[in-house]
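Residue numbers for the sequence shown follow UniProt numbering, beginning at 1 and rising by one.
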Amino acid sequence: MAADATSRNRSVKGMTMRLRFIAKDPNSPDGDSPTVWVDEDTSDLVIQGWNADAGTVEECLRTGRIPDHEGVVRVPARMVRALREACDVAERGADRRAVEGHGADSSAPGDA
1 MAADATSRNR SVKGMTMRLR FIAKDPNSPD GDSPTVWVDE DTSDLVIQGW NADAGTVEEC
61 LRTGRIPDHE GVVRVPARMV RALREACDVA ERGADRRAVE GHGADSSAPG DA
């Protein structure tokens with residue numbers, strides 16, 4: 001899956017983040033989702049997917065609660081290549097920051 005390696009600046013709670021676009025679902029009927037990005041500052045994956053149905057959420061709850069600030073999304077199997085690419089980009093970014101002394105870990109908003 002060819003990725004358009006563009007970055008976008010997003011302002012979240014007064015902070016600017018750079019998102020690197022990886023890919024959109026080529027089979028999306030409206031061309032809007034699912035989508036995968038990598039935050040170039042933290043190497044976090046940012047994923048837009050379909051809202052999970054009640055049955056999926058119920059199954060996920062078997063392994064633990066879902067905090068109010070989190071949600072379950074579904075991404076089609078055809079997006080696996082894009083997810084792998086995003087993981088590779090994120091890993092390279094984390095490795096680069098570790099070498100530069102900025103640390104390799106990041107915590108999502110709300111994580112303890």
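Beta carbons: idealized from backbone N, C-alpha and C, even for Gly.
For residue i, I'd like the list of residues in its chain whose CB is within less than 6 Å of its CB, leaving aside the five on either flank, ordered along the chain.
i: residue 50; result: 74
i: residue 55; result: none
i: residue 1; result: Any reading at residue 1 must be qualified, since the residue scores a pLDDT of 42, below 50, and its modelled position is unreliable; the value itself is stated next. 23, 81 and 82.
i: residue 30; result: none
Should residue i and residue j be called a contact, given that it needs their Cβ atoms to be closer than 8 Å?
i: residue 25; j: residue 84; result: no
i: residue 46; j: residue 60; result: no
i: residue 94; j: residue 22; result: no
i: residue 98; j: residue 36; result: no
i: residue 65; j: residue 40; result: no
From the DSSP output, which residues share a beta bridge with residue i?
i: residue 113; result: Nothing in the structure corresponds to residue 113, since the chain is present only between 1 and 112.
i: residue 51; result: 73
i: residue 45; result: 38
Determine the burial state of residue i: buried for a count of at least 16 other Cβ atoms within 10 Å of its Cβ, exposed for fewer.
i: residue 4; result: Note that residue 4 has pLDDT 43, beneath the 50 cutoff, so the model's placement of it is unreliable and no number is given.
i: residue 34; result: buried
i: residue 57; result: exposed
i: residue 112; result: Unreliable positioning characterises residue 112 in this predicted model, as indicated by a pLDDT of 41, which lies under 50. The coordinate reading is nonetheless provided below. It is exposed - the Cβ of residue 112 has fewer than 16 other Cβ atoms within 10 Å.
Going by beta carbon distance, what residues of the same chain come within less than 7 Å of residue i, once the five residues before and after it are set aside?
i: residue 148; result: Residue 148 is absent from the model: the chain starts at 1 and stops at 112.
i: residue 70; result: none
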